[in-house]
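Asks: Sequential numbering from 798 applies to the sequence shown in this note's numbering. Before anything else, here's the structure in question.
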Amino acid sequence: IQNCRLQHQAVSSPAKLQCFQEGAETAFDNVVSRSIDLIVTSPPYFDLEHYGETDAEAIGQIRNVVSSVQEYFDHFIQPVLKGCARVLKVGGVLALNIDDNPRVGVTICNPILQIAASSNLVLFGTVGLRKATGFGQGARTKTHLHCAEPSYLFRAQ
């Protein structure tokens, strides 16, 4: 969050910056409809990402709330995308970094694209997000130096 604020200051943007750091499924509940120009998010990939070392650190995380991919779509992804569609200005952009993990049998991109379309978010592009270091499918390894995760770009209608 602090780096977002520093970047905003560095470009001397006259636009108001609001940063939210909470569960994406509830983050927009108190935000005025059609008030946001840009949302950038990388939600948890079902139960593939763990944000904490212990169960106590993971309280409230989606991996502890849902037990199936269908519940993930119904109780997390659908509210997130509907919330994004509601608060984005007409023409506003959602950048959504999400990926499948066929190695462990989790295929979520196509259903998420369908949920986005049903939420009045129109896909207009995809860019690759290459992780410099780290974990997951996009992490650099000796044999996969140019792997990238998709970031889907949607425009609100």
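All residues carry an ideal CB built from backbone N, CA and C; glycine is no exception. Since the structure is predicted, the reported quantities are computational estimates derived from the model, not experimental observations.
Going by beta carbon distance, what residues of the same chain come within less than 6 angstroms of Glu822, once the five residues before and after it are set aside?
Replies: Phe873, Pro876, Val877
Asks: Identify, in the order they occur along the chain, each residue of the same chain with its Cβ nearer than 6 angstroms to the Cβ of Ser948, setting aside the five sequence neighbours on each side.
Replies: Ala892, Asn894, Val924, Leu926
Asks: On the three-state DSSP scale, how would you describe Arg927?
Replies: coil
Asks: Can the beta-carbon of Arg952 be found closer than 8 angstroms to that of Val919?
Replies: With a cutoff of 8 angstroms on beta-carbon distance, Arg952 and Val919 are scored as near each other.
Asks: Going along the chain, which unbroken runs of the beta strand (DSSP E) with 3 or more residues stay wholly within the region 855–937?
Replies: 885–894, 918–926
Asks: Determine contact between the region 814–831 and the region 863–870, defined as no fewer than three beta-carbon pairs at a distance below 8 angstroms.
Replies: no
Asks: So, is Ser916 buried or exposed, given that buried needs 16 or more other C-beta atoms within 10 angstroms?
Replies: buried
Asks: For Ala807, does the three-state DSSP call read helix, strand or coil?
Replies: helix
Asks: Looking only at its chain, what residues have a beta carbon closer than 7 angstroms to the beta carbon of Pro908, apart from the 5 residues adjacent to it on each side?
Replies: Phe870
Asks: Asp831 and Cys816: beta carbons closer than 8 angstroms?
Replies: According to the sequence displayed, residue 831 carries Arg and not Asp. Remark: C-beta atoms of Arg831 and Cys816 do not approach each other more closely than 8 angstroms.
Asks: Quick one: using the 10 Å Cβ neighbour count with 16 as the cut-off for buried, is Leu814 buried or exposed?
Replies: exposed
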